[in-house]
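Visitor: Here it is, the structure in full.
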Amino acid sequence: MTNKSTIALITGASSGIGRATARAFAAAGFNLIICGRRKERLEELQVELSQTVKIFTRTFDVRNNAEVAEAIHSLPTNWQSIDILVNCAGNAHGLSAIQDGDTADWDYMIDANVKGLLYVSKAIIPGMVNRKAGHIVNISSVAGKYTYANGAVYCASKKAVEAISEGMRLDLTQHGIRVTNIAPGAVETEFSVVRFKGDAERAAKVYEGFEPLKAEDIADAILYAVKAPKHVTIADVTIYAAAQAAPSTIYRNL
Ligand code: 8X3
């Protein structure tokens with residue numbers, strides 16, 4: 003994929019891995035459609051990155067299929083040929099044993115992490131199929147590789163992302179579309195603050211005693227995957243912090 007007129011759409015671009023990916027892609031010269039729920043944050047990022055490349059923003063909640071379809075289908079003609087889709091929107095809500103789980107948290111995770119990813123993809127894939135080109139990067143998690151205690155529904159949502167990535171690759175390879183699944187381990191972003199509903203102290207403990215991944219570490223891998231030569235598909239990447247061996251196995255200096 004050449005840098006010149008590459009258009010990438012990133013969901014969840016207002017923070018964390020999505021925002022770091024937007025910055026990495028802008029540095030690589032890609033024009034960007036940055037999407038998220040938080041308009042002001044997207045606008046701040048737009049101001050920052052529009053020094054380098056063309057930036058278009060779209061504010062929507064991936065859980066709302068009508069909003070997603072409207073936001074994507076109403077893109078100006080010169081923004082419609084999306085070359086790269088990065089499905090980054092999604093989060094964890096709560097960390098509880100299954101018997102104590104909050105059904106509103108379950109709905110949020112399934113609706114955003116699974117159904118939201120599908121809604122956005124559904125709005126973009128037909129254009130890629132018509133153009134016989136494209137690259138989809140789905141942000142999964144090591145939680146999609148191994149289930150951990152108190153994380154059944156989050157892990158289930160990420161296992162679904164893994165299955166969707168495989169299924170997309172099976173269905174779309176023949177149409178010239180590459181699919182990359184990236185599974186990060188412990189990345190210090192707003193992830194744990196959101197999971198613990200704003201409890202920053204509890205969130206900070208998740209990353210205590212070791213050097214966690216940064217959002218930029220994941221953005222580097224995403225950029226590597228999309229810049230790979232056309233005959234190469236980076237299918238699946240799992241990324242841990244050096245001190246982490248599995249989701250719940252972290253060697254800490256405490
Ligand atoms: C984020 C990684 O291990 O907290 O998806 O679930 S983990």
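Counted the way my numbering counts, the sequence shown spans residues 3 to 256.
Ideal placement from N, C-alpha and C gives every residue a C-beta, glycine not left out.
Note that this is a predicted model, so its numbers are computed, not measured.
(1) Answer with buried or exposed for G18, where buried requires no fewer than 16 other C-beta atoms within 10 angstroms of its C-beta.
(2) Would the beta-carbon of G18 be found less than 7 Å away from any heavy atom of the ligand PLP?
(3) First and last residue of the alpha helix (DSSP H) that includes L174?
(4) Please list the terminal residues of the continuous beta strand (DSSP E) segment that includes H137.
(5) Is it true that the region 167–180 meets the region 190–202, where meeting means three or more beta-carbon pairs spaced less than 8 Å apart?
(6) Any heavy atom of the ligand 8X3 inside 7 Å of the beta-carbon of S143?
(7) Just how far apart, CA to CA, sit D102 and C157?
(8) Can the beta-carbon of I184 be found less than 8 Å from the beta-carbon of T23?
(9) With burial defined as no fewer than 16 other Cβ atoms inside 10 Å of the residue's Cβ, what is the status of N132: buried or exposed?
(10) Helix, strand or coil for A22, going by three-state DSSP, please let me know.
(11) So for L44, helix, strand or coil by DSSP?
(12) Just curious, the beta strand (DSSP E) that P186 is in, first and last residue?
(13) For the ligand 8X3, I want to know if G187 counts as a neighbour, meaning its beta carbon is within less than 7 Å of at least one of the ligand's heavy atoms.
(14) Within its chain, find whatever has a CB closer than 8 Å to the CB of S16; leave out the 5 residues flanking it on each side and keep chain order.
(15) State the Cα-Cα distance for the pair Y209 and S143, rounded to the nearest angstrom.
(16) I'd like the ranges of any beta strand (DSSP E) spanning at least 3 consecutive residues and lying wholly in the region 65–142.
(17) Whose C-beta lies closer than 7 Å to the C-beta of T240 among residues of the same chain, with five residues either side of it excluded?
(18) Would you say G200 touches the ligand 8X3, meaning its beta carbon is less than 7 Å from a heavy atom?
Guide: Once the coordinates are examined:
(1) Within the sequence shown, numbered from 1, the residue matching residue 18 stands at position 16. Classification for G18: buried.
(2) In terms of ligand content, the structure shown lacks the ligand PLP and carries the ligand 8X3 instead.
(3) Translated into positions along the sequence shown, residue 174 becomes position 172. A154 to L174 is the span of the alpha helix (DSSP H), which, as asked, contains L174.
(4) Within the sequence shown, the letter at position 135 stands for residue 137. From DSSP, the beta strand (DSSP E) with H137 extends over G136 to I141.
(5) no
(6) Position 141 of the sequence shown holds residue 143. Checking every heavy atom of the ligand 8X3 against the Cβ of S143, one is found closer than 7 Å.
(7) Residue mapping note: residue 102 aligns to position 100 of the sequence shown, counting from 1. Residue mapping note: residue 157 aligns to position 155 of the sequence shown, counting from 1. Each residue's alpha carbon lies about 16 Å from the other.
(8) In the sequence shown, the residue the question calls residue 184 occupies position 182. In the sequence shown, the residue the question calls residue 23 occupies position 21. For I184 and T23, no; Cβs fall outside 8 Å.
(9) Translated into positions along the sequence shown, residue 132 becomes position 130. By the 10 Å Cβ count, N132 comes out exposed.
(10) On the sequence shown, residue 22 is found 20 positions in, with the first residue counted as 1. If DSSP states are grouped into helix, strand and coil, A22 belongs with the helices.
(11) Taking the first residue of the sequence shown as 1, we reach residue 44 at position 42. L44: helix per DSSP, three-state reduction.
(12) Residue mapping note: residue 186 aligns to position 184 of the sequence shown, counting from 1. First-last of the beta strand (DSSP E) with P186: I179 to P186.
(13) Within the sequence shown, residue 187 is the residue found at index 185, counting from 1. G187 Cβ: within cutoff of the ligand 8X3.
(14) Counted from its first residue, the sequence shown places residue 16 at position 14. Closer than 8 Å at Cβ, skipping near neighbours: I36, G38, R39, R40, R43, L44 and L47.
(15) Locating residue 209 in the sequence shown gives position 207, where the first residue counts as 1. Locating residue 143 in the sequence shown gives position 141, where the first residue counts as 1. Roughly 16 Å between the two C-alpha positions.
(16) 86–89 and 136–141
(17) Here residue 240 refers to the residue found at position 238 of the sequence shown. Here the set comprises V144, K147 and A185.
(18) Sequence index remark: in the sequence shown, residue 200 carries index 198 (1-based). Because no heavy atom of the ligand 8X3 lies under 7 Å away, the Cβ of G200 does not count as near it: no.
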